[in-house]
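In the numbering used here, the protein residues as written are 3 to 357.
Data first, discussion second: the structure below is written as C-alpha cells.
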Amino acid sequence: MKINFNAGPAALPREVLAAAAEAIMDYEGSGISILSLAHRSAAFEAILNEAKKLTLDLLGLDDSYEVIWFQGGGRLQFEMIPMNFLAEGETAAYIDSGHWAADAMSNVARYGKLHVAGSSAVINYRSVPRILDIPQDAKYLHLTSNNTIYGTQCFDFPNTEVPIIADFSSELFSRRLDYSKFSMIYAVAQKNLGPAGVTLVVAKKDFIKNTVRPLADILSYKVMAAKNSLVNTAPVFPIYVSLLNLRYLASKGLAQIELENEEKAQLLYAFIDNSSFYRGIADKDSRSKMNVCFTIARPELEAELLQFAESHNITGIAGHRSTGGFRASLYNAISIEEVQELVKVLAAFEAGLKA
Ligand code: PMP
Numbered sequence: 003m004k005i006n007f008n009a010g011p012a013a014l015p016r017e018v019l020a021a022a023a024e025a026i027m028d029y030e031g032s033g034i035s036i037l038s039l040a041h042r043s044a045a046f047e048a049i050l051n052e053a054k055k056l057t058l059d060l061l062g063l064d065d066s067y068e069v070i071w072f073q074g075g076g077r078l079q080f081e082m083i084p085m086n087f088l089a090e091g092e093t094a095a096y097i098d099s100g101h102w103a104a105d106a107m108s109n110v111a112r113y114g115k116l117h118v119a120g121s122s123a124v125i126n127y128r129s130v131p132r133i134l135d136i137p138q139d140a141k142y143l144h145l146t147s148n149n150t151i152y153g154t155q156c157f158d159f160p161n162t163e164v165p166i167i168a169d170f171s172s173e174l175f176s177r178r179l180d181y182s183k184f185s186m187i188y189a190v191a192q193k194n195l196g197p198a199g200v201t202l203v204v205a206k207k208d209f210i211k212n213t214v215r216p217l218a219d220i221l222s223y224k225v226m227a228a229k230n231s232l233v234n235t236a237p238v239f240p241i242y243v244s245l246l247n248l249r250y251l252a253s254k255g256l257a258q259i260e261l262e263n264e265e266k267a268q269l270l271y272a273f274i275d276n277s278s279f280y281r282g283i284a285d286k287d288s289r290s291k292m293n294v295c296f297t298i299a300r301p302e303l304e305a306e307l308l309q310f311a312e313s314h315n316i317t318g319i320a321g322h323r324s325t326g327g328f329r330a331s332l333y334n335a336i337s338i339e340e341v342q343e344l345v346k347v348l349a350a351f352e353a354g355l356k357a
C-alpha cells in the first residue's frame, strides 16, 4: 500500500482495515456482513456501547458526557450548534482561526448574533488568534482545535466560564488534554477516526439537556442522545470501523499516541527548518502536530515534486486547493517510519535539483 498523507479521508491502521475487510464478509462469525447488520439489533447496540465506553475512557471523561454519532459531516454540526443552543437575540462567540472556523461562523446569523472573539484572517491564518475577547454573556464559545488547511493548532485553550464547543475533527485522540474543560467536542470521522460518513459528538449531558427552539429529532442533540444515536438508520459500517480504530487506540493509550505524534511532527519540521528549499507556512508557536504545511522555494516545481513522491510510494501531500503548496497529515495511523520515508523522499528531490 502507498503511504497516504492525505488530510481526509485519511490513512487508517492496517489492522483496522484488515478487521473491517473480514467483517464485510462475515461479522464475528454471525454469517452476515457488517454491511447488512440491523441498526436496531443487540449486536449493533453492543458496538455503540463499546464505542461510547472507549471514547470516554480515551478522553478521560465520565458518564456525565454523552457520545452521539451523526451523519452530515462537519457542515451539519456547524448548523446544528447555533440551531440547538442559540436563541434569537442571544450572542455566540467564535474564534476565527481558519477556513472551517469561518464556515462554522457563517451559520450563526440564521439563529442569533455572532461575536468574533478573535481572528487571524489578516495574517492568512498563519497562527491561531492570540488575543481573544469573549463576552461573558455569550451562550457558548466555538473554536477549532486544529486547523487542517493552514496547519495550525491550539495549545492554550481559553479560560472562560462560557461553555466551550470545539471542533476536534483533524486531531481527535491525538494528544492528552483536560477534555472536561469542553462542554462539547465533535470530530468528523474521516481524518483521525474512521471512514467518512459519521461524526462523533461528545457532549456534557447538562449542556445539551435543553434546546432553545423546537427541532426535528434528527437535529436535536438532546433527542439523538436519548435515543442512543438511533433516530434513523445509523451508519453501521463507519461506526463499526471507528470502533475498530478506538480499540486500536485504546490498546496503545493516549500517552503513547501523543509521544509518537510529537516525534513525527518534530522529525518533519526539523527537516523543513534545516532545508533552504522547503519552508514551513505556520508560525512556529502555532504549528500543528497533525497537518504539516509547507511550500518550496521554486513553486514551478510543485507538480514535479508531487509526481516524484507518487513514484516513491507517497501520496496525498498536495496542499489544500485554497492554499496550494504541500501538506503532510501525520494522523495517528501514520508511523514514525513512514514520516522518515517522507523526509527521505523530500531530501532526495532536493538533492536531485542540486545534482
Ligand atoms: N472541521 C474541520 C477541522 C475540517 O478539517 C473539516 C474538513 N473536512 C470540516 C470541519 C468539514 O467536514 P465535512 O467535510 O465533513 O463537512
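Think of the CB as a built atom: it goes at the ideal place given N, C-alpha and C, for glycine as much as any other residue.
Quantities reported herein were computed from a predicted structural model and do not represent experimental measurements.
Unbroken beta strand (DSSP E) run spanning residue i, endpoints
| i | result |
| --- | --- |
| S121 | K115 to S121 |
| I274 | No beta strand (DSSP E) contains I274, which is instead part of the alpha helix (DSSP H) from L256 to N276. |
| A13 | From DSSP, A13 is part of no beta strand (DSSP E); its letter is neither H nor E. |
| R178 | It is not in any beta strand (DSSP E) - R178 carries neither H nor E in the DSSP assignment. |
| A1 | Past the edges of the chain, shown from 3 to 357, lies residue 1, and the structure says nothing about it. |
| M186 | M186 to V190 |
| Y142 | Unbroken run through Y142: none, as it is neither H nor E. |
| R281 | Y280 to G282 |
Near the ligand PLP: residue i beta-carbon under 7 angstroms from a heavy atom
| i | result |
| --- | --- |
| V190 | Of the ligands one can find in the structure shown, namely the ligand PMP, none is the ligand PLP. |
Proximity test, residue i beta-carbon vs the ligand PMP heavy atom, cut-off 7 angstroms
| i | result |
| --- | --- |
| D98 | no |
| R177 | no |
| S1 | Residue 1 falls outside the range modelled here, since the chain spans only 3 to 357, and no answer is possible. |
| W102 | yes |
| G75 | yes |
| G10 | yes |
| T150 | yes |
| T57 | no |
| T146 | yes |
Residue environment, residue i, which counts as buried when at least 16 other CB atoms sit within 10 Å
| i | result |
| --- | --- |
| R177 | buried |
| G31 | exposed |
| S185 | buried |
| P365 | Any answer about residue 365 is impossible in this case: the structure gives the chain only from 3 up to 357. |
| D158 | exposed |
| I133 | exposed |
| D64 | exposed |
| A236 | buried |
| K356 | exposed |
| K346 | exposed |
| V124 | exposed |
| Q155 | buried |
| L37 | exposed |
| R323 | exposed |
| K286 | exposed |
| P301 | exposed |
Nearest-angstrom Cα separation, counted from residue j out to residue i
| i | j | result |
| --- | --- | --- |
| P240 | F7 | 20 angstroms |
| W102 | I338 | 28 angstroms |
| V225 | S172 | 26 angstroms |
| I5 | D135 | 42 angstroms |
| M107 | F80 | 8 angstroms |
| P216 | S222 | 9 angstroms |
| Y271 | A22 | 33 angstroms |
| E260 | A284 | 20 angstroms |
| V294 | A40 | 40 angstroms |
| L19 | N212 | 39 angstroms |
| V238 | H314 | 36 angstroms |
| Y67 | P197 | 24 angstroms |
| V203 | S278 | 42 angstroms |
| L308 | Y113 | 44 angstroms |
| V118 | S288 | 20 angstroms |
| F273 | F296 | 11 angstroms |
| G282 | D275 | 7 angstroms |
| I167 | A53 | 21 angstroms |
| G75 | L60 | 22 angstroms |
| D180 | P137 | 23 angstroms |
| T162 | E92 | 18 angstroms |
| A12 | V214 | 36 angstroms |
| V200 | Y242 | 10 angstroms |
| V341 | M292 | 12 angstroms |
| Q192 | A89 | 31 angstroms |
Residue i - containing alpha helix (DSSP H), residue span
| i | result |
| --- | --- |
| G354 | I338 to K356 |
Note to self: At 4 residues or longer, what runs of the alpha helix (DSSP H) sit wholly inside the segment 37-101?
What the structure shows: 44-61 and 75-87
Item checked: alpha helix (DSSP H) runs wholly inside the segment 285-331, at least 4 long, in chain order -> 304-313
Notebook entry, point to check: Fully enclosed by the segment 193-230, which beta strand (DSSP E) runs are 3 residues long or longer?
Noted result: 201-206
Item checked: Completely contained alpha helix (DSSP H) runs for the segment 229-255, where each covers 4 or more residues -> 238-254
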